[in-house]
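Encoded as structure tokens, the structure appears first; notes follow it.
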Amino acid sequence: MKINTREEGGYAIIELIGEVDLSCSPAARKQILACLKANRSLLVDLKAVTYIDSSGVASLVEGYQTAKKLNLKFGLIGVSDSAMSVLRLARLDKVFPIHANVKERLREDG
Amino acid sequence: MKINTREEGGYAIIELIGEVDLSCSPAARKQILACLKANRSLLVDLKAVTYIDSSGVASLVEGYQTAKKLNLKFGLIGVSDSAMSVLRLARLDKVFPIHANVKERLREDG
Amino acid sequence: MNEEHLLKLHFPANPDRLCLVRALVKRAAGIAGCNSDLAEKLVIAVNEACMNVIQHAYKGDYSGEIVLEILNNDNRLLFRVEDYAAPIDLECVKPRDLDDIRPGGLGTYFIQEIMDECTMGHLEDGVGNYLEMIKIIK
Amino acid sequence: MNEEHLLKLHFPANPDRLCLVRALVKRAAGIAGCNSDLAEKLVIAVNEACMNVIQHAYKGDYSGEIVLEILNNDNRLLFRVEDYAAPIDLECVKPRDLDDIRPGGLGTYFIQEIMDECTMGHLEDGVGNYLEMIKIIK
Ligand SMILES: Nc1ncnc2c1ncn2[C@@H]1O[C@H](COP(=O)(O)OP(=O)(O)O)[C@@H](O)[C@H]1O
Ligand SMILES: Nc1ncnc2c1ncn2[C@@H]1O[C@H](COP(=O)(O)OP(=O)(O)O)[C@@H](O)[C@H]1O
Numbered sequence: 001m002k003i004n005t006r007e008e009g010g011y012a013i014i015e016l017i018g019e020v021d022l023s024c025s026p027a028a029r030k031q032i033l034a035c036l037k038a039n040r041s042l043l044v045d046l047k048a049v050t051y052i053d054s055s056g057v058a059s060l061v062e063g064y065q066t067a068k069k070l071n072l073k074f075g076l077i078g079v080s081d082s083a084m085s086v087l088r089l090a091r092l093d094k095v096f097p098i099h100a101n102v103k104e105r106l107r108e109d110g
Numbered sequence: 111m112k113i114n115t116r117e118e119g120g121y122a123i124i125e126l127i128g129e130v131d132l133s134c135s136p137a138a139r140k141q142i143l144a145c146l147k148a149n150r151s152l153l154v155d156l157k158a159v160t161y162i163d164s165s166g167v168a169s170l171v172e173g174y175q176t177a178k179k180l181n182l183k184f185g186l187i188g189v190s191d192s193a194m195s196v197l198r199l200a201r202l203d204k205v206f207p208i209h210a211n212v213k214e215r216l217r218e219d220g
Numbered sequence: 221m222n223e224e225h226l227l228k229l230h231f232p233a234n235p236d237r238l239c240l241v242r243a244l245v246k247r248a249a250g251i252a253g254c255n256s257d258l259a260e261k262l263v264i265a266v267n268e269a270c271m272n273v274i275q276h277a278y279k280g281d282y283s284g285e286i287v288l289e290i291l292n293n294d295n296r297l298l299f300r301v302e303d304y305a306a307p308i309d310l311e312c313v314k315p316r317d318l319d320d321i322r323p324g325g326l327g328t329y330f331i332q333e334i335m336d337e338c339t340m341g342h343l344e345d346g347v348g349n350y351l352e353m354i355k356i357i358k
Numbered sequence: 359m360n361e362e363h364l365l366k367l368h369f370p371a372n373p374d375r376l377c378l379v380r381a382l383v384k385r386a387a388g389i390a391g392c393n394s395d396l397a398e399k400l401v402i403a404v405n406e407a408c409m410n411v412i413q414h415a416y417k418g419d420y421s422g423e424i425v426l427e428i429l430n431n432d433n434r435l436l437f438r439v440e441d442y443a444a445p446i447d448l449e450c451v452k453p454r455d456l457d458d459i460r461p462g463g464l465g466t467y468f469i470q471e472i473m474d475e476c477t478m479g480h481l482e483d484g485v486g487n488y489l490e491m492i493k494i495i496k
């Protein structure tokens with residue numbers, strides 16, 4: 001897994017790339033929580049995720065809940081087919097705000 | 111592995127697709143030799159070969175030699191990177207006539 | 221009955237090695253005739269089973285050994301994951317309620333959703349545990 | 359010395375199973391820090407070693423067992439392929455002259471070209487053979 005970070009439309013974007021499994025999900029989790037604790041609204045970009053396991057999904061859930069607690073915006077963008085099939089299996093596809101890209105998210109933010 | 115066959119520019123074309131290894135190289139060999147024994151000049155299309163082992167290469171060598179014996183034309187086209195790296199390792203990249211596609215081969219045939 | 225031993229893999233309980241398991245299960249599923257959708261699902265289930273052994277049976281001791289065996293019995297694909305950790309409390313192994321959105325508790329749920337039969341138990345000699353997962357291939 | 363046991367795979371001497379070996383070696387090479395070019399080469403060498411066992415040691419008896427072990431010793435990546443066939447004539451194991459263009463005789467050449475050290479021998483109990491291949495990872 002690689003992590004790229006960028007800024008777009010007032011969001012911090014954390015892009016996870018490759019396989020997000022137990023060997024690297026702690027690193028993803030750390031980055032997600034650090035970003036939220038720095039009081040930044042966050043989108044996690046999953047377009048280049050080729051595999052995500054339950055520990056990766058757990059990091060996303062933790063991000064989602066931490067954001068809620070801190071009153072920050074949170075969501076997923078560009079979710080790859082393989083990541084989406086895992087989110088569906090976990091019935092989280094209706095829980096996370098999911099958008100194709102930052103632009104779509106901003107449109108919904110209004 | 112899958113095998114597609116077609117006709118183009120007076121050649122029979124046998125396209126090998128996927129992994130050409132010991133589990134399927136006998137099938138490739140059979141098709142190559144059958145074609146030559148039917149007195150057809152032959153190009154083997156390797157553009158979709160993702161892996162080829164020494165048994166697959168041996169089938170190509172046998173085709174090459176059988177064609178010579180029968181006075182038929184023979185060659186490889188569209189050799190994928192992964193197939194080319196194996197042909198180079200076997201120092202066969204200078205032995206087989208190799209062209210990008212049928213058109214290039216026909217240009218050389220004149 | 222046409223039992224076919226597909227493979228047996230020994231590997232250390234190190235999260236780094238999970239990618240080996242995934243690559244292997246994907247190929248083994250292909251050999252057994254699964255389409256790629258099903259193969260992907262089986263990869264998820266077996267990956268989660270091995271993760272659970274790493275996290276909960278060996279509790280992060282990477283030197284522990286995991287054995288994954290795959291057998292094909294007349295279209296019943298059997299995945300057996302074995303560890304040599306202390307016997308676990310079998311009662312504790314259960315998924316969370318999915319309506320309770322919180323991190324964790326998904327692995328066993330994934331396994332149950334994907335597989336047709338699961339049996340967990342202790343190995344005979346007092347050390348170790350196994351999980352057998354069966355998928356019927358149509 | 360930092361010996362790391364990457365994995366041990368048991369599989370039947372069936373050409374269908376070679377795809378498992380390739381997937382595994384590719385991932386193991388990645389774990390050991392090889393770039394993808396080198397990983398691809400290692401895949402070729404180990405695949406050929408297993409092919410040779412299938413064709414020449416077990417002579418096509420698919421029920422024979424092959425064991426592939428991969429160890430990482432301070433950047434010396436060791437691949438050990440073991441069979442339980444009748445002891446082979448070690449003198450016969452050699453590549454053909456590459457100038458002599460004919461089918462066959464490439465596998466051992468590929469292995470020698472790709473690996474840094476190769477040792478072949480008989481197992482101690484009178485049944486079986488091994489091939490150890492070492493690649494130094496820079
Ligand atoms: N192989 C195992 N050994 C011991 N306990 C296990 C094992 N697998 C699962 N468990 C128990 O079942 C619970 C639920 O597992 P799981 O659904 O995979 O979620 P998580 O691993 O995120 O807790 C775990 O928290 C653990 O207590
Ligand atoms: N594992 C093995 N067991 C027995 N003989 C072997 C083994 N590997 C190679 N050989 C011998 O070495 C020869 C050369 O092997 P190789 O270069 O792989 O080419 P090929 O397999 O096409 O003959 C084989 O023909 C065989 O006689």
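Residue numbers (the working numbering), protein chains in the order written: chain H, 1 to 110; chain X, 111 to 220; chain E, 221 to 358; chain S, 359 to 496. Every residue, glycine too, gets a C-beta built ideally from N, C-alpha and C.
Asked: Terminal residues of the alpha helix (DSSP H) in which Glu172 of chain X lies; Found: 164 to 179
Asked: Whole-angstrom C-beta distance between Asn405 of chain S and Leu376 of chain S, which should lie under 8 Å; Found: 6 Å
Asked: Chain H contacts made by the region 326 to 345 of chain E, where a contact means CB separation under 7 Å; Found: Leu326, Gly327, Phe330, Glu333
Asked: Cβ contact check for the region 156 to 170 of chain X and the region 137 to 144 of chain X: 3 or more pairs under 8 Å; Found: yes
Asked: beta-carbon Met335 of chain E near ligand 1 non-hydrogen atom, thresh 8 Å; Found: no
Asked: Nearest to Ala249 of chain E (by Cα), restricted to the options E:Asp294, E:Thr328, E:Ser283, E:Ile290; Found: E:Ile290
Asked: Three-way DSSP call (helix, strand, coil) for Asn359 of chain E in this model; Found: Nothing about residue 359 of chain E can be reported from this structure: the residues present for chain E run from 221 to 358 only.
Asked: Against chain S: residues of the region 150 to 169 of chain X by CB proximity under 8 Å; Found: Tyr161, Asp163, Ser164, Ser165, Val167, Ala168, Ser169
Asked: Cys338 of chain E CB to nearest heavy atom of ligand 1 below 8 Å; Found: no
Asked: Sequence-distant residues of its chain with Cβ nearer than 6 Å to Ala193 of chain X (five each side left out); Found: Leu156, Val159, Ile162
Asked: C-alpha gap between Val95 of chain H and Leu318 of chain E, whole angstroms; Found: 11 Å
Asked: Under the three-state DSSP convention, the category Arg6 of chain H falls into; Found: strand
Asked: Rounded straight-line distance, which links the Cα of Asn487 of chain S to that of Leu481 of chain S; Found: 5 Å
Asked: Every unbroken alpha helix (DSSP H) inside the region 233 to 308 of chain E [4 residues or more]; Found: 238 to 251, 256 to 272
Asked: Close beta carbons around Gly463 of chain S, own chain, < 7 Å, minus the five adjacent residues each side; Found: Pro453, Arg454
Asked: Residues sharing a beta bridge with Thr339 of chain E, DSSP; Found: E:Glu352
Asked: Quiz: which residues have CB nearer than 5 Å to ligand 1 non-hydrogen atoms; Found: E:Asn272, E:Val273, E:His276, E:Ala277, E:Ile308, E:Cys312, E:Val313, E:Pro315, E:Gly324, E:Gly325, E:Gly327, E:Thr328
Asked: Contact the region 252 to 260 of chain E vs the region 280 to 287 of chain E: 3+ CB pairs below 8 Å; Found: no
Asked: 8 Å contact criterion, which Leu106 of chain H and Gly9 of chain H should meet: CB distance rounded; Found: 5 Å
Asked: Cβ-heavy atom distance, Glu406 of chain S to ligand 3, below 8 Å; Found: Ligands displayed in this structure: ligand 1 and ligand 2; ligand 3 is not among them.
Asked: Closer than 9 Å to chain A by CB, Leu126 of chain X; Found: Looking at the structure shown, chain A is missing, and the protein chains on hand are H, X, E and S.
Asked: Assigned exposure category for Leu70 of chain H - 16 Cβ within 10 Å defines buried; Found: exposed
Asked: Any C-beta of chain E under 9 Å from that of Asp419 of chain S; Found: no
Asked: Cβ-heavy atom distance, Asp441 of chain S to ligand 2, below 8 Å; Found: yes
Asked: Own chain partners of Ile356 of chain E with C-beta closer than 7 Å, once the 5 adjacent residues on each side are dropped; Found: Asn295, Arg296, Asp336
Asked: Length of the line joining the Cα atoms of Leu378 of chain S and Val189 of chain X; Found: 24 Å
Asked: is_contact[Asn405 of chain S, chain X] using C-beta, thresh 9 Å; Found: yes
Asked: Cβ-Cβ distance between Ala381 of chain S and Ala243 of chain E below 9 Å; Found: yes
Asked: Heavy atom of ligand 2 within 8 Å of Asn487 of chain S beta-carbon; Found: yes
Asked: Any chain X beta carbon closer than 9 Å to Gly388 of chain S; Found: no
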